[in-house]
Amino acid sequence: MSTELIKQLREATLASYIDCAKVLKAHHGDYEQALLELRAIGFKKAEKKSDRATEEGLVVIKQADKSVCAVMMKCETDFAAFTDGYKSLVHGIAELALANPTLANVGSMLAANLNGETVQEAIKGLSGKLGENIVLEDVVCYTSQANSLMEGYAHAGAIEGYGSMEGRLGVLLELNIGTMPHEAAQELAHHLALHIASVSPVYISQADVPQAVLDEQRREFAAMQDIANKPADIQEKILEGRLNKFYVKTCLLNQEYMDEKITIEQLLRRVSKQWETSVSIIRFTRLDIEV
Numbered sequence: 005m006s007t008e009l010i011k012q013l014r015e016a017t018l019a020s021y022i023d024c025a026k027v028l029k030a031h032h033g034d035y036e037q038a039l040l041e042l043r044a045i046g047f048k049k050a051e052k053k054s055d056r057a058t059e060e061g062l063v064v065i066k067q068a069d070k071s072v073c074a075v076m077m078k079c080e081t082d083f084a085a086f087t088d089g090y091k092s093l094v095h096g097i098a099e100l101a102l103a104n105p106t107l108a109n110v111g112s113m114l115a116a117n118l119n120g121e122t123v124q125e126a127i128k129g130l131s132g133k134l135g136e137n138i139v140l141e142d143v144v145c146y147t148s149q150a151n152s153l154m155e156g157y158a159h160a161g162a163i164e165g166y167g168s169m170e171g172r173l174g175v176l177l178e179l180n181i182g183t184m185p186h187e188a189a190q191e192l193a194h195h196l197a198l199h200i201a202s203v204s205p206v207y208i209s210q211a212d213v214p215q216a217v218l219d220e221q222r223r224e225f226a227a228m229q230d231i232a233n234k235p236a237d238i239q240e241k242i243l244e245g246r247l248n249k250f251y252v253k254t255c256l257l258n259q260e261y262m263d264e265k266i267t268i269e270q271l272l273r274r275v276s277k278q279w280e281t282s283v284s285i286i287r288f289t290r291l292d293i294e295v
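In this note's numbering, the protein residues as written are 5 to 295.
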């Protein structure tokens with residue numbers, strides 16, 4: 005039994021030397037059969053790990069002329085997330101999404117073909133190799149519309165080891181820029197993406213907040229003990245004040261832009277006036293490993 009075959013099996017599966025040698029022997033030195041069995045063993049191990057918490061991972065952004073995509077895949081430890089195999093798989097999934105935006109949902113992507121196997125099989129195989137639960141958490145793609153501009157931003161923070169457009173957090177943003185010059189619009193989009201990464205808005209505007217969410221917030225605020233004994237009109241003013249704070253926390257247009265003491269909505273009005281056009285936010289997505 006060739007030690008070179010055992011070495012190749014170890015590199016392909018990350019199984020132990022003894023396991024590789026044992027399976028090769030059982031298959032009389034047939035590398036392909038041994039590889040299939042070791043992968044099946046890896047899949048079974050992956051199934052056993054599927055209920056374990058995933059609190060680490062990687063976000064990868066891919067961008068082309070008219071499309072931008074983000075993929076978030078989670079695992080158990082940062083050690084796994086920094087391995088070449090893990091990064092390579094996330095990048096491969098992101099490239100696949102960029103080439104075919106119809107795969108921009110987890111279900112479709114898991115069933116898609118990637119290098120001769122489904123994405124789900126590739127994830128299970130990697131899970132077996134690394135000994136961790138691995139989950140494809142999200143796949144998002146934007147395709148530009150008329151007069152729109154897209155921005156993709158990946159934030160790594162102070163942690164070393166991330167490559168270009170890799171990180172623990174990613175933002176996709178699409179702006180309607182009208183006739184605004186492309187270079188100026190790109191700079192604006194980048195700053196807005198940085199803001200979204202930092203401040204974590206959930207909605208674009210107050211109008212986007214579902215009524216059910218507002219009703220729940222009102223119930224929570226009304227149940228607070230500090231207003232229980234106040235007159236009804238005072239209670240209502242306090243509730244409105246707390247709702248306004250909720251809007252500032254969750255709605256992008258209500259948030260203060262950097263240190264300029266203006267809101268994002270006021271910034272867009274100023275930019276629109278400056279370039280004599282209409283500039284607005286069409287959509288954004290924020291992917292965060294820690295959420």
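Where a beta carbon is used, it is the ideal one built from N, C-alpha and C, also for glycine. Remember, predicted model here, so these are calculated numbers, not experimental data.
Residue i to residue j span [Cα, whole Å]
i	j	result
Y207	F225	20 Å
A162	Q278	36 Å
T309	F250	Limits of the chain in this structure are 5 at one end and 295 at the other, which puts residue 309 out of reach.
A74	D230	44 Å
R223	K253	18 Å
Y261	L198	11 Å
A85	G165	10 Å
M113	G135	23 Å
K78	I238	47 Å
H194	S284	14 Å
D219	V213	10 Å
Y157	G174	6 Å
A103	D263	39 Å
L192	Q12	50 Å
A98	E155	15 Å
L301	Q190	There is no way to answer for residue 301, as the model of the chain reaches only from 5 to 295.
E178	T289	9 Å
G120	L93	13 Å
L42	I22	12 Å
E341	Q124	The structure shown does not extend to residue 341, since the chain is modelled only from 5 through 295, so no value can be given for it.
T281	Q149	17 Å
M76	E269	29 Å
Residues sharing a beta bridge with residue i, DSSP
i	result
H159	L173
D142	M76
K66	C73
N137	None; N137 has no bridge partner.
E15	DSSP, once it has assigned bridges, lists no residue as partnering E15.
I285	L179
L118	E121
C255	Y207
D3	With the chain represented from 5 up to 295, any question about residue 3 goes unanswered, as that position is not in the structure.
T267	E260
S152	N180
8 Å contact criterion, which residue i and residue j should meet: CB distance rounded
i	j	result
E36	E60	33 Å between Cβ atoms; not a contact.
A16	L40	So it is not a contact: roughly 11 Å between Cβ atoms.
S71	T147	5 Å
I181	L140	That pair is no contact at about 32 Å.
A2	C145	The displayed coordinates of the chain run from 5 to 295. Any statement about residue 2 would go beyond what the structure contains.
L118	G89	No, L118 and G89 are not in contact; Cβ-Cβ is about 13 Å, not under 8 Å.
S209	L247	Rounded, the Cβ-Cβ distance is 14 Å, inconsistent with contact.
A101	V63	Going by Cβ atoms, the distance from A101 to V63 rounds to 13 Å, so no, they are not a contact pair.
F205	Q259	According to the sequence shown, residue 205 is Pro rather than Phe. Correct: roughly 6 Å between the Cβ atoms.
A30	I10	In fact, because the Cβ distance is near 13 Å, the residues do not count as touching under 8 Å.
Distance cut-off 6 Å: residue i Cβ against heavy atoms of the ligand NAP
i	result
G61	Only the bare structure without any ligand can be found here, which leaves the ligand NAP out of the picture.
message: Taking contact to mean 3 or more Cβ pairs, one atom from each stretch, closer than 8 Å, check whether the region 161–171 and the region 120–136 are in contact.
response: no
- request: Let me know the alpha helix (DSSP H) ranges lying completely inside the region 193–230, each 4 residues or longer, listed in chain order.
  value: 215–226
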